[in-house]
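Colleague: Can you keep this structure in mind? I'll have questions shortly.
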Amino acid sequence: MTKSSSLKFGMVLLFLVSVVCAIIIQLEPLRFIFTAVAFLMLGFYNTIEHRTDKKKGSLYFSVMFYCFSLSAMAFAGMSMIIG
Numbered sequence: 009m010t011k012s013s014s015l016k017f018g019m020v021l022l023f024l025v026s027v028v029c030a031i032i033i034q035l036e037p038l039r040f041i042f043t044a045v046a047f048l049m050l051g052f053y054n055t056i057e058h059r060t061d062k063k064k065g066s067l068y069f070s071v072m073f074y075c076f077s078l079s080a081m082a083f084a085g086m087s088m089i090i091g
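Residue numbers (the numbering used here): 9 to 91.
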């Protein structure tokens, strides 16, 4: 297994774990945090894909998933503050 494929496998595994935790856990802030981790992993995956294939679409998707991750973290913070 090459370094790039093992990194992609690890990211996919972490993504699946975060999605399962976001579904199972009942606390709203933790759901947002696990959702943010899932979006962050998708952003990392698309960044790696952009570096290997040099496709602009992958770069655009990675930026989009990074923005989704930041907004999910903001929702988690607001959910913790509001209560």
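Every residue, glycine too, gets a C-beta built ideally from N, C-alpha and C.
Using 8 Å as the threshold, is the C-beta distance between phenylalanine 23 and leucine 50 below it?
Modeller: Yes, they are a contact pair.
Colleague: Between the segment 68-79 and the segment 22-37, do three or more beta carbon pairs fall short of 8 Å?
Modeller: Taking 8 Å as the limit for Cβ pairs, the verdict is that the segment 22-37 does not touch the segment 68-79.
Colleague: Taking only the alpha-carbon atoms, compute the straight-line gap between cysteine 29 and threonine 60 and give it to the nearest angstrom.
Modeller: Approximately 30 Å, taken between the alpha carbons.
Colleague: Among Leu38, Thr43, Ile56, Glu57, which has the Cα closest to the Cα of leucine 78?
Modeller: Among Leu38, Thr43, Ile56, Glu57, the Cα nearest to that of leucine 78 is on Thr43.
Colleague: Using the rule of at least 16 other Cβ atoms within 10 Å of the residue's Cβ for burial, across every protein chain shown, is valine 45 buried or exposed?
Modeller: So valine 45 ends up on the buried side.
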